[in-house]
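> Structure provided below as structure tokens; questions to follow.
Residue numbers (my numbering), protein chains in the order written: chain U, 12 to 126; chain F, 5 to 116.
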């Protein structure tokens with residue numbers, strides 16, 4: 012089966028610009044998550060979708076970040092306007108079920124650099 | 005405030021020997037713990053997990069030990085192989101909560 016795919020793999024933008032990251036989860040996985048890793052730090056939870064609904068968005072840093080999952084398939088994460096501190100690797104993950112017995116499957120991430 | 009702590013940023017181990025990666029946590033509500041492995045330019049991949057009702061879980065060369073009283077877990081890899089060189093993330097969750105909390109990771113180098 013195809014894994015979680017993320018696009019683009021890298022993005023370099025200037026402060027104040029807008030960037031949209033895309034994630035295609037594993038087919039049939041209702042649960043989709045966004046995480047972020049700032050250089051050298053922990054991988055931090057951003058939000059969780061169940062199908063098209065936001066189950067938990069407590070990790071979203073501020074209102075410059077907007078995540079959508081229209082139709083419950085792929086998801087986008089938009090950063091507008093981007094700031095320097097938004098630089099990092101953004102990981103998307105999916106799982107078939109919720110809870111402890113359904114480990115997350117991660118994509119390879121999008122490395123975002125804001126200059 | 006970090007709830008999952010991996011205090012060793014890196015670890016070097018001779019091939020064939022045992023690798024021991026450590027992890028401490030502060031939230032006593034955590035009841036499920038996981039280890040993920042990450043290669044450069046790839047996403048983390050699930051390695052092994054343990055529920056708080058157990059103190060040990062083994063899968064091939066990988067064993068995770070949980071000491072709840074000390075709020076400490078460790079991952080043992082025996083014997084260590086070159087392909088084990090990667091960053092290992094300790095992670096935890098509460099009651100099957102889907103918000104998994106990760107540590108900063110430990111970079112493991114397996115020396116020839």
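Virtual Cβ for every residue (Gly too), placed ideally from N, Cα, C.
#1: Can you list, in chain order, the residues of its chain whose CB lies under 6 Å from that of residue 59 (chain F), leaving out five sequence neighbours each side?
#2: To the nearest angstrom, how far is it from the Cα of residue 27 (chain F) to the Cα of residue 72 (chain F)?
#3: Determine, using beta carbons only, whether residue 50 (chain F) and residue 96 (chain F) come nearer to each other than 7 Å.
#4: Chain F partners of residue 117 (chain U), CB-CB under 9 Å?
#5: Between U:113, U:13, U:103, U:108, which has its C-alpha nearest residue 127 (chain U)'s C-alpha?
#6: Could you give the residue range of the beta strand (DSSP E) that holds residue 10 (chain F)?
#7: Look up residue 30 (chain F) in the DSSP assignment and say whether it is helix, strand or coil.
#8: Using a C-beta cutoff of 7 Å, does residue 64 (chain F) count as contacting chain U?
#9: Below 8 Å on the Cβ atoms is my contact criterion, and I expect residue 15 (chain U) with residue 117 (chain U) to pass it. Report the Cβ-Cβ distance as a whole number of Å.
#10: With H, G and I counted as helix, E and B as strand and the rest as coil, what does DSSP make of residue 29 (chain U)?
#11: Under 6 Å Cβ to Cβ from residue 27 (chain U), same chain only, skipping five residues before and after it: list those, please.
#12: From the beta carbon of residue 60 (chain U), is the nearest beta carbon of chain F less than 7 Å away?
#13: Check for me: the beta strand (DSSP E) holding residue 58 (chain U) runs from which residue to which?
#14: Identify, in the order they occur along the chain, each residue of the same chain with its Cβ nearer than 7 Å to the Cβ of residue 62 (chain U), setting aside the five sequence neighbours on each side.
#15: On a Cα-Cα basis, can you pick out the residue from U:59, U:74, U:125, U:68 that is closest to residue 107 (chain U)?
#16: Using alpha carbons as the reference points, say which of U:53, U:122, U:24, U:22 lies closest to residue 101 (chain U).
#17: How is residue 38 (chain F) classed by DSSP in three states: helix, strand or coil?
#18: Examine the Cβ distances between the stretch 19-26 of chain U and the stretch 67-82 of chain U and report whether three or more of them are shorter than 8 Å.
#19: Using a threshold of 7 Å, state whether the C-beta atoms of residue 43 (chain U) and residue 105 (chain U) are closer than that.
#20: I need the DSSP call for residue 95 (chain U), collapsed to helix, strand or coil.
#21: Under 9 Å Cβ-Cβ, which residues of chain U neighbour residue 106 (chain F)?
#22: With distances taken Cα to Cα, identify the nearest neighbour of residue 56 (chain F) among F:84, F:88, F:82, F:98.
#23: Name the DSSP bridge partner or partners of residue 40 (chain U)?
#24: Under the assumption that residue 76 (chain F) contacts residue 16 (chain F) (Cβ atoms under 8 Å), give the Cβ distance between them as a whole number of angstroms.
Reading from the atomic positions:
#1: In the second chain, residue 59 (chain F) corresponds to position 55, counting from 1. Taken in chain order, the residues that qualify are 70.
#2: On the second chain, residue 27 (chain F) is found 23 positions in, with the first residue counted as 1. On the second chain, residue 72 (chain F) is found 68 positions in, with the first residue counted as 1. Taking the straight line from one Cα to the other gives about 12 Å.
#3: Numbered from 1 along the second chain, position 46 holds the residue referred to as residue 50 (chain F). Numbered from 1 along the second chain, position 92 holds the residue referred to as residue 96 (chain F). It is not a contact, given that the beta carbons lie outside the stated cut-off.
#4: Within the first chain, residue 117 (chain U) is the residue found at index 106, counting from 1. Result: 40, 42, 46, 47, 48, 49, 50.
#5: With chain U covering 12 to 126 only, the question about residue 127 (chain U) has no answer from this structure.
#6: Position 6 of the second chain, counted from the start, is the residue given in the question as residue 10 (chain F). Taken as a continuous stretch (DSSP letters only), residue 10 (chain F) belongs to no beta strand (DSSP E), as it is neither H nor E.
#7: Your numbering for residue 30 (chain F) matches position 26 in the second chain. The answer is coil: DSSP assigns residue 30 (chain F) none of H, G, I, E or B.
#8: For this step, residue 64 (chain F) is matched to residue 60 along the second chain. For residue 64 (chain F), the answer is no, since every Cβ of chain U falls outside 7 Å of its Cβ.
#9: Translated into the one-based positions of the first chain, residue 15 (chain U) becomes position 4. Translated into the one-based positions of the first chain, residue 117 (chain U) becomes position 106. The pair is a contact, with the Cβ atoms about 6 Å apart (cut-off 8 Å).
#10: Position 18 of the first chain, counted from the first residue, corresponds to residue 29 (chain U). Coil at residue 29 (chain U), not helix or strand.
#11: Locating residue 27 (chain U) in the first chain gives position 16, counting from the first residue. So the list reads 92, once near-sequence residues are dropped.
#12: Residue numbering aside, residue 60 (chain U) sits at position 49 when the first chain is read from its first letter. Not one chain F Cβ lies under 7 Å of residue 60 (chain U).
#13: Counting from 1 along the first chain, the entry for residue 58 (chain U) is found at position 47. Here the beta strand (DSSP E) through residue 58 (chain U) covers 54-61.
#14: By 1-based counting over the first chain, the position of residue 62 (chain U) is 51. Excluding positions up to five away in sequence, the list reads 41, 83.
#15: Locating residue 107 (chain U) in the first chain gives position 96, counting from the first residue. Ranking the options by Cα distance to residue 107 (chain U), first place goes to U:59.
#16: As a first step, residue 101 (chain U) is located in the first chain; it is residue number 90 there, counting from the start. Nearest C-alpha to residue 101 (chain U): U:122.
#17: Within the second chain, the letter at position 34 stands for residue 38 (chain F). Correct three-state label for residue 38 (chain F): strand.
#18: no
#19: One-based indexing of the first chain puts residue 43 (chain U) at position 32. One-based indexing of the first chain puts residue 105 (chain U) at position 94. For residue 43 (chain U) and residue 105 (chain U), yes; Cβs fall inside 7 Å.
#20: Here residue 95 (chain U) is taken as the residue at index 84 of the first chain, counted from 1. Residue 95 (chain U) falls in the helix class under three-state DSSP.
#21: Sequence index remark: in the second chain, residue 106 (chain F) carries index 102 (1-based). Within chain U, the residues near residue 106 (chain F) are 46, 48, 53, 54, 55, 56.
#22: Your numbering for residue 56 (chain F) matches position 52 in the second chain. Nearest option by C-alpha distance: F:98.
#23: Reading the first chain from its first residue, position 29 is the one you call residue 40 (chain U). Looking at the DSSP assignment, residue 40 (chain U) forms no beta bridge with any residue, so it has no partner.
#24: Position 72 of the second chain, counted from the first residue, corresponds to residue 76 (chain F). Position 12 of the second chain, counted from the first residue, corresponds to residue 16 (chain F). With 8 Å as the limit, residue 76 (chain F) and residue 16 (chain F) do not qualify as a contact, their Cβ atoms being about 22 Å apart.
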